[in-house]
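Chemist: A single structure is presented below for examination.
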Amino acid sequence: MAQSLDRPKESPSQTAGPYVHIGLTPNFCGIGGVYEDDLGSAMVNERTKGERIELRIRVLDGTGTPLKDALIEIWQADADGLYNSSAEMRGAADPNFFGWGRCPTDMETGLCSFETIKPGRVPFRDGRLMAPHITLWIVARGINLGLHTRLYFSDEEEANGEDPILARIEHRVRVSTLIAERQGDAYIFDIHLQGDKETVFFDS
Amino acid sequence: MAEPGSNQTPETGAFFQRDRQWHPPAFTPSYKSSVLRSPQKALLSFDNTLSELTGPVFGHAMIRERDNDLIHNFARPGESAIGERIIVHGRVLDERGVGVPGALLEFWQANAGGRYRHKKDGYLAPLDPNFGGCGRTLTGEDGAYAFRTVRPGPYPWPNGPNDWRPAHIHFSVFGHGFAQRLITQMYFEGDPLIWRCPIVGGIRDKAAVEALIAALDMQSTIPMDALAYKFDIVLRGRRSTLFENRPEGN
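What follows is the structure in C-alpha cells.
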C-alpha cells in the first residue's frame, strides 16, 4: 500500500436552474434594493481603452429554440491583451477595464447583449499569439455543468488562421461555430447547444 | 499583477483537470430539460492557457454589511423573514486542501414555503414580503465564509408528475482563475427528498452527492436564535509551476 493522495474532490456541479437571476442578477428580475447594480452589467466607461464593440449572443437548444432563462458570463483581456487578474504576470491591465461581464438572456427574445471592447492578442503557453477571443461560460436550467467556449471574430481571419486552439479542432467544419459575424459595430454569435451546428465546447 | 505590498507570488500553474465522471454528465434524461440542452459532441480538451488561468478579482468594497444576511437584506425596517433561522458557514478550499481567500460566493434560494421571488414561479405557496432570497459574501484569508438566512422549503416542479426538489440553496463561486468557476446546490442533512430528486440523481457517485449535503453543526448554532449548517466547497486545485518550462513572459 502506498500513502493515500488524500485530496478532496471538486464540489460536483448542479444546474443553475430557472431562477438563477435571483442570485446573480436580482435587479433584472425585480428584486430591487438589495444590491445597487447587478454585478457585471457595465463593462466599459469613457476612459476604457480600445475599440467599442457590441456582442449579440443567443443560446439555442437542440430544436433551434433560443433559451430565455440562460445566463452568460464573459472574460476577456484588455485592448493590449492583458488580463485584469492577480494571475497576470506580464504587466498591469487597463485599470478602467475589469474584463468580466454577466448578462441574462432576455426573457422574451433570448438575446444577450454585451457592450465591451475588442480584446488584444494573448500568448499561448508556448509564446505564440492566440487570436483575439472572449471566453464564455454558459449556465441555465437543464445544463448540469457550466459550458465553456470562446468567441472569435470574423474580421480577424489571419489571426484566427494561426490560433493554436482553433488549430486543435479536428473537424474543420466546426471551426466556424466559434466565429462571431461582424455587422457594423456588433458581432452576432449564436451558440448551439446540440445538433448539426453544435458549438465547440471546451474541457480546459 | 500581485497586490502592492504582498510578499506572496500569485499562483499561475494550470488547474487540475475536471473529473467529469464525478460531476453530473450533460445528458441526464430523468432531468427532462437536460435532454435538448446537452451537447452531444465530444468536448475539446486542452491544458489551460492564460484565458482560463486568470479570472476577475472582486474586492471587499463591493460588499455591503447586509449582503450576507438574507433574514434582513430585503425586510422592512424592524421586520424579518419568516422561517427556520439558520447560519450557513464553511470554507472554500481547493483540491489541495488549501483555503481560497477572496472568493466571491453568491447564493439564492426559495423562502420557507418553497416559493421563489421570480415572476416565472407560479407556485401556490405565498411570497414572504420580508424575504428576497439573494445574498453574497467574500471568503476571508483562510477561505471561511458565513451567512444568515431562513431554511428554504421544498417545492414541486414540472418534471415528472410528482417531483419535489429537496430544500436547497444555490451557490455560485469564483475562485482565482475563470476555469474554477462553479455553480452548485447545497442540500440539508437528513432530507429524504435528496435521494428522490432527478437533479441530484444526475450525479452518479454517492460520495459526490454526499459532498453537497451540509451537516447540522450544533457547535455553531446561536442558542435561542439560529441553528447552523456547515458546508465546505471545493474548487479545482492547481499545479505548481516550479518544474514547468515556459518561455519568458508566459
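So the sequence lines, in the order shown, correspond to chains A and V.
Numbering-wise, the first sequence is residues 11 to 214 according to the working numbering.
Numbering-wise, the second sequence is residues 12 to 261 according to the working numbering.
Positions of the beta carbon are idealized from the N, C-alpha and C atoms, including for glycine.
1. Nearest to A/A52 by alpha carbon, out of A/G120, A/F212, A/I127, A/M117?
2. Under 8 Å between the Cβ atoms of V/L238 and V/I97?
3. Could you give the distance in angstroms between the alpha-carbon of V/W168 and the alpha-carbon of V/G212?
4. State yes or no: is the C-beta of A/L203 within less than 8 Å of the C-beta of A/L81?
5. For chain A, check one thing: does any of its Cβ atoms lie closer than 8 Å to the Cβ of V/G260?
6. Exposed or buried, V/H34, counting other C-beta atoms within 10 Å across all chains shown (16 or more means buried)?
7. Can the beta-carbon of A/E208 be found less than 8 Å from the beta-carbon of V/P40?
8. List the whole-angstrom C-beta distance separating V/K241 from V/A218, where the pair is believed to meet the contact cut-off of C-beta under 8 Å.
9. Among A/L161, A/G27, A/G50, which residue has its Cα nearest to the Cα of A/G109?
10. Hey, would you say V/H187 sits closer than 8 Å to A/A87, going by beta carbons?
11. Could you tell me whether the segment 128-145 of chain A touches the segment 96-115 of chain V, using the rule of 3 or more Cβ pairs below 8 Å?
12. Excluding the 5 residues preceding and the 5 following A/M117 in the sequence, name in chain order all residues of the same chain whose CB lies nearer than 6 Å to its CB.
13. CA-CA distance, V/G164 and V/P140?
14. Please name the residue or residues paired with A/A80 in a DSSP beta bridge.
15. When the Cα atoms are used, what is the spatial distance from A/E83 to A/E125?
16. Between A/R160, A/A102, A/R62, A/T145, which has its C-alpha nearest A/S186's C-alpha?
17. Does the beta carbon of A/M53 come closer than 8 Å to any beta carbon on chain V?
18. Going along the segment 47-79 of chain A in order, which residues come within less than 7 Å of chain V, judged by CB to CB distance?
19. Using a cut-off of 7 Å between C-beta atoms, extract the partners of V/I224 located in chain A.
20. State whether the segment 25-33 of chain A contacts the segment 115-130 of chain V, with contact taken as three or more CB pairs (one from each stretch) at a distance under 8 Å.
Modeler: Looking at the coordinates:
1. For the set A/G120, A/F212, A/I127, A/M117, the Cα lying nearest the Cα of A/A52 is the one of A/I127.
2. Between V/L238 and V/I97, the CB-CB gap stays under 8 Å.
3. Cα to Cα, the separation comes out at about 15 Å.
4. It is not a contact, given that the beta carbons lie outside the stated cut-off.
5. The predicted model places V/G260 with a pLDDT of 46, which falls under 50 and marks its position as unreliable, so this point remains unresolved.
6. By the neighbour-count criterion, in which 16 or more other beta carbons inside 10 Å mark a residue as buried, V/H34 falls on the buried side.
7. Not a contact, by the Cβ cut-off of 8 Å.
8. Not a contact, Cβ separation roughly 17 Å.
9. For the residues A/L161, A/G27, A/G50, the minimum Cα distance to A/G109 belongs to A/G50.
10. Contact flag unset, no.
11. Proximity of the segment 128-145 of chain A to the segment 96-115 of chain V falls short of the contact definition, fewer than three beta-carbon pairs being nearer than 8 Å.
12. Closer than 6 Å at Cβ, skipping near neighbours: K78.
13. Distance between the alpha carbons of V/G164 and V/P140: 16 Å.
14. Beta-bridge pairing links A/A80 to A/A150.
15. Within the model, the alpha-carbon separation for A/E83 versus A/E125 is close to 13 Å.
16. Relative to A/S186, the option among A/R160, A/A102, A/R62, A/T145 whose CA is nearest is A/R160.
17. So no, A/M53 is outside the interface.
18. Against chain V - using a Cβ distance shorter than 7 Å - the residues of the segment 47-79 of chain A are D71, G72, T73.
19. Those do not exist, as V/I224 stays about 11 Å from chain A at its closest Cβ, beyond 7 Å.
20. Yes, since at least three Cβ pairs between the segment 25-33 of chain A and the segment 115-130 of chain V fall closer than 8 Å, the two stretches touch.
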